[in-house]
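Letter by letter, the sequence shown follows residues 1 to 308 of full-length UniProt numbering.
Positions of the beta carbon are idealized from the N, C-alpha and C atoms, including for glycine.
All figures in this text were calculated on a predicted structure; none of them were measured in a lab.
Notes follow once the structure below has been shown.
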Amino acid sequence: MSGRHVAVLMGGFSSERPVSLSSGAACADALEAEGYRVTRVDVGRDVAAVLADLRPEIAFNALHGPFGEDGTIQGILEYLEIPYTHSGVLASALAMDKAQAKHVAKAAGIPVADALIMDRRTFGNRHPMKPPYVVKPVREGSSFGVVIVKEDQSHPPQVITSSEWRYGDRVMVERYIAGRELTCGVMGDVALGVTEIIPQGHAFYDYDSKYVKGGSSHVIPAQISPNIYQKIQTLALKAHQAIGCRGVSRSDFRFDDRGPGEGELIWLEINTQPGMTPTSLVPEMAQHAGLQFGEFLRWMVEDASCLR
1 MSGRHVAVLM
11 GGFSSERPVS
21 LSSGAACADA
31 LEAEGYRVTR
41 VDVGRDVAAV
51 LADLRPEIAF
61 NALHGPFGED
71 GTIQGILEYL
81 EIPYTHSGVL
91 ASALAMDKAQ
101 AKHVAKAAGI
111 PVADALIMDR
121 RTFGNRHPMK
131 PPYVVKPVRE
141 GSSFGVVIVK
151 EDQSHPPQVI
161 TSSEWRYGDR
171 VMVERYIAGR
181 ELTCGVMGDV
191 ALGVTEIIPQ
201 GHAFYDYDSK
211 YVKGGSSHVI
221 PAQISPNIYQ
231 KIQTLALKAH
241 QAIGCRGVSR
251 SDFRFDDRGP
261 GEGELIWLEI
271 NTQPGMTPTS
281 LVPEMAQHAG
291 LQFGEFLRWM
301 VEDASCLR
């Protein structure tokens with residue numbers, strides 16, 4: 001139903017502001033091309049007043065990171081009774097907390113890596129677990145603050161305890177899973193295709209390999225066995241449902257196929273606000289399923305609701 005007034009929420013004040021501005025601009029342009037009346041909202045602390053005054057019929061959430069992805073903006077939209085895209089308050093908050101999301105996923109039978117939750121200030125001169133391992137902020141996205149500790153590293157990374165660290169005091173120390181980076185989107189109650197991400201000139205899929213042109217290549221469908229491909233789709237949908245997501249989500253996996261048998265497949269995390277430029281992973285998956293970018297966004301707008 002074209003002509004409806006959609007406020008595209010973008011920007012914000014998290015570390016991921018530049019990514020959100022890019023996603024938001026792409027979505028706003030595409031929704032206008034689909035016939036919607038679009039207002040671009042660069043989200044600030046006064047967003048509730050701005051939206052109350054604007055009174056859009058739907059809010060398209062193109063925010064990333066804390067405030068936009070953790071249940072906060074979702075709560076504001078519930079209070080204002082403005083239907084919105086993506087997941088609701090609880091699922092957003094749960095997915096943003098990597099530790100809690102992992103508990104729920106594990107309880108649902110989804111394979112996860114062994115991990116410890118620690119206060120970064122308690123890191124001493126001894127490794128908290130046998131290297132190799134990964135240190136991740138519990139509540140950040142876009143690989144901000146992720147540190148990989150290699151097998152031959154004699155002591156924990158000093159950056160974790162430094163005064164320059166700005167990603168919160170709770171961190172997750174997780175067993176490093178070697179192998180291939182695979183990801184799978186979910187749209188409603190359907191798992192989309194599986195993509196392999198191959199970082200170009202980067203040790204892992206970090207911020208630059210995600211967002212800098214040429215930083216990574218995407219292979220869809222991923223060149224893996226049909227059995228593993230279907231297993232990833234099943235687990236992505238299971239995680240989406242277990243955490244209570246709505247609309248679109250994306251689950252990330254590591255697949256170590258170097259050993260005997262089928263190899264080790266591990267679920268890493270779920271993203272309730274995946275990137276939304278035409279070349280982002282989930283829009284590419286939708287296109288692989290036959291949906292052009294504008295059609296895909298139209299589905300998301302028409303799926304919007306409160307009490308998600």
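Does residue i come out as helix, strand or coil in the three-state DSSP assignment?
i: residue 326; result: With the chain running from 1 to 308 in the structure shown, residue 326 is simply not present.
i: N271; result: strand
i: Y167; result: coil
i: D119; result: strand
i: R246; result: coil
i: S225; result: coil
i: V112; result: coil
i: E264; result: strand
i: F293; result: helix
i: V43; result: coil
i: S280; result: coil
i: D208; result: In this prediction, D208 scores a pLDDT of 47, lower than 50, which makes its location untrustworthy; the coordinate-derived value is nonetheless stated afterwards. In the structure shown, D208 sits in a helix (DSSP, three-state: H, G or I).
i: S15; result: coil
i: S162; result: coil
For residue i, which residues does DSSP report across the bridge?
i: A191; result: V186
i: E196; result: L182 and V219
i: H5; result: R37
i: R59; result: The sequence given here places Ala at residue 59; Arg does not occur at that position. A59 is bridged to A7 and Y84.
i: I148; result: V134
i: D256; result: E264
i: M172; result: I117 and K136
i: S154; result: For S154, which the question treats as bridged, DSSP gives no partner whatsoever.
i: S251; result: C184 and I270
i: residue 309; result: Since the first residue of the chain shown is 1 and the last is 308, residue 309 is not available in this structure.
i: S305; result: Y84
For residue i, I'd like the list of residues in its chain whose CB is within less than 7 Å of its CB, leaving aside the five on either flank, ordered along the chain.
i: S305; result: P83
i: S217; result: I198 and Q200
i: V173; result: A115, L116, M118, P128, M129, Y133 and V135
i: R308; result: S87, G88 and R246
i: H103; result: none
i: A101; result: L94, A95, I243, E269 and I270
i: A99; result: I117, V138 and M172
i: R17; result: G11
i: P66; result: S14 and R139
Going by beta-carbon coordinates alone, are residue i and residue j separated by less than 8 Å?
i: L297; j: A30; result: yes
i: I76; j: V47; result: yes
i: P131; j: Q153; result: yes
i: L63; j: L116; result: no
i: V38; j: G11; result: no
i: G3; j: G35; result: yes
i: T272; j: A95; result: yes
i: G179; j: R258; result: yes
i: A33; j: P278; result: no
i: S239; j: A105; result: In the sequence as displayed, the identity of residue 239 is Ala instead of Ser. Yes.
i: I110; j: W267; result: yes
i: I224; j: F253; result: no
Can you find a heavy atom of the ligand ADP that lies under 7 Å from the Cβ of residue i?
i: D114; result: With respect to the ligand ADP, the structure offers nothing, as it holds no ligand at all.
Using only alpha-carbon positions, find the residue among the options that is nearest to residue i.
i: D97; options: P283, L235, P137 and A222; result: P137
i: T183; options: D189, T195, R175 and V190; result: T195
i: G275; options: W267, L268 and E284; result: E284
i: S162; options: V186, F123 and I177; result: F123
i: D256; options: A113, N271, L291 and G294; result: A113
i: R126; options: A191, H155 and K150; result: H155
i: G188; options: L237, I220 and E181; result: L237
i: L265; options: R139, V19, Y176 and L291; result: Y176
i: E69; options: A52, F253 and S20; result: S20
i: N227; options: D303, E262 and R254; result: E262
i: Y229; options: E181, Q241 and P260; result: E181
Whose C-beta lies closer than 8 Å to the C-beta of residue i among residues of the same chain, with five residues either side of it excluded?
i: W165; result: R120, G145 and V159
i: L281; result: T183, G185, T195, I197, H218, R250, P274 and G275
i: M300; result: F60, T85, H86, G247 and V248
i: V6; result: L31, Y36, R37, V38, T39, P56, E57, I58, A59, F60 and V301
i: K150; result: P131 and P132
i: G294; result: A30, L31, A33 and E34
i: E81; result: C306
If I measure Cβ to Cβ from residue i and keep anything under 6 Å in the same chain, skipping five residues before and after, which residues do I get?
i: G71; result: V89, S92 and A93
i: G193; result: I220, P221, M285 and H288
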